[in-house]
Amino acid sequence: MKSSEHQTTVILADMGKLRAFRLSPPGTELCSHAGPEVIAEIDLPQTQRDTDRIGRFPQGRSVPETAGMSPGENHNEQSEYEKRRIELLAMKIAELVGKEGSASWCLAAPASINKHILELIPSTLRESLTSNLTADLTHLPLAEIEHRFLTQSRKG
Numbered sequence: 000m001k002s003s004e005h006q007t008t009v010i011l012a013d014m015g016k017l018r019a020f021r022l023s024p025p026g027t028e029l030c031s032h033a034g035p036e037v038i039a040e041i042d043l044p045q046t047q048r049d050t051d052r053i054g055r056f057p058q059g060r061s062v063p064e065t066a067g068m069s070p071g072e073n074h075n076e077q078s079e080y081e082k083r084r085i086e087l088l089a090m091k092i093a094e095l096v097g098k099e100g101s102a103s104w105c106l107a108a109p110a111s112i113n114k115h116i117l118e119l120i121p122s123t124l125r126e127s128l129t130s131n132l133t134a135d136l137t138h139l140p141l142a143e144i145e146h147r148f149l150t151q152s153r154k155g
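Numbering (numbering that gives the first Met the number 0), first residue to last: 0 to 155.
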């Protein structure tokens with residue numbers, strides 16, 4: 000049905016959103032539309048944060064005199080939350096890129112998560128990565144996405 004030889008898959012991600020696009024260079028049979036073709040736009044749910052809740056303990060006084068409760072240790076709740084979201088992003092990216100079967104793909108994600116995402120992507124997919132930007136571009140308009148990534152793929 001589609002030839003993925005000339006197309007490029009572009010993935011834009013941050014901690015709350017994943018956007019995927021298919022770009023075809025001008026002059027190919029796939030370029031019948033004007034601009035990038037949206038493959039997926041995923042907003043990651045915020046509810047995944049409710050995992051292990053911290054406990055509450057008396058503040059060192061006897062029970063009848065206790066005026067309040069002290070929160071327990073947070074046990075790296077924030078880092079665990081971020082780790083799970085990065086794993087979810089990597090899984091979704093691998094699924095989208097693998098499904099597209101493009102000869103090349105590009106990734107743009109903030110520096111704080113970019114390296115971690117790439118570590119979780121299968122090596123066979125990492126080999127076809129042609130552009131990796133450490134920036135949050137999830138809010139770019141479609142025309143800017145096409146300009147940035149088609150220009151880079153022509154250089155490379």
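The beta-carbon is built from N, C-alpha and C at its ideal position, and this holds for glycine as well.
Spatially closest choice to residue i from the options, by CA coordinates
i: W104; options: F148, E76, T133, N75; result: F148
i: Q45; options: A107, V37, R83; result: R83
i: N113; options: T133, I120, S122; result: T133
i: T123; options: V96, T7, S111, N131; result: V96
i: H5; options: T129, A93, I92; result: T129
i: G100; options: H146, N131, S127, I41; result: S127
i: E94; options: P121, N75, A107, H115; result: P121
i: H115; options: A142, M90, K98, I41; result: M90
i: S23; options: A102, Q77, E40, S78; result: A102
Own chain residues within Cβ distance below 7 Å of residue i, not counting five before or after
i: I144; result: V9, F20, P35
i: V37; result: F20
Own chain residues within Cβ distance below 8 Å of residue i, not counting five before or after
i: L43; result: M14, G15, K16, L17, R84, L87, L88
i: Q47; result: Residue placement at Q47 is poorly supported in this model, since its pLDDT is 46, which falls under 50; the coordinates are not used for a value here.
Residue i, enclosing alpha helix (DSSP H) - first and last residue
i: T123; result: 122-125
i: L117; result: 110-119
i: L17; result: Per DSSP, L17 belongs to no alpha helix (DSSP H); it is in the beta strand (DSSP E), 16-22.
i: L95; result: 76-99
Nonlocal neighbours in the same chain, by C-beta distance under 6 Å from residue i, ignoring five residues either side
i: T137; result: L11, D13, K16, R18
i: D135; result: D13, P109
i: I92; result: I10
Limits of the beta strand (DSSP E) - the one that residue i falls within
i: S103; result: 103-107
i: L128; result: 128-132
i: D42; result: 36-42
i: L11; result: 7-12
Inter-residue CB distance, residue i and residue j (contact presumed, cutoff 8 Å)
i: L106; j: N75; result: So it is not a contact: roughly 27 Å between Cβ atoms.
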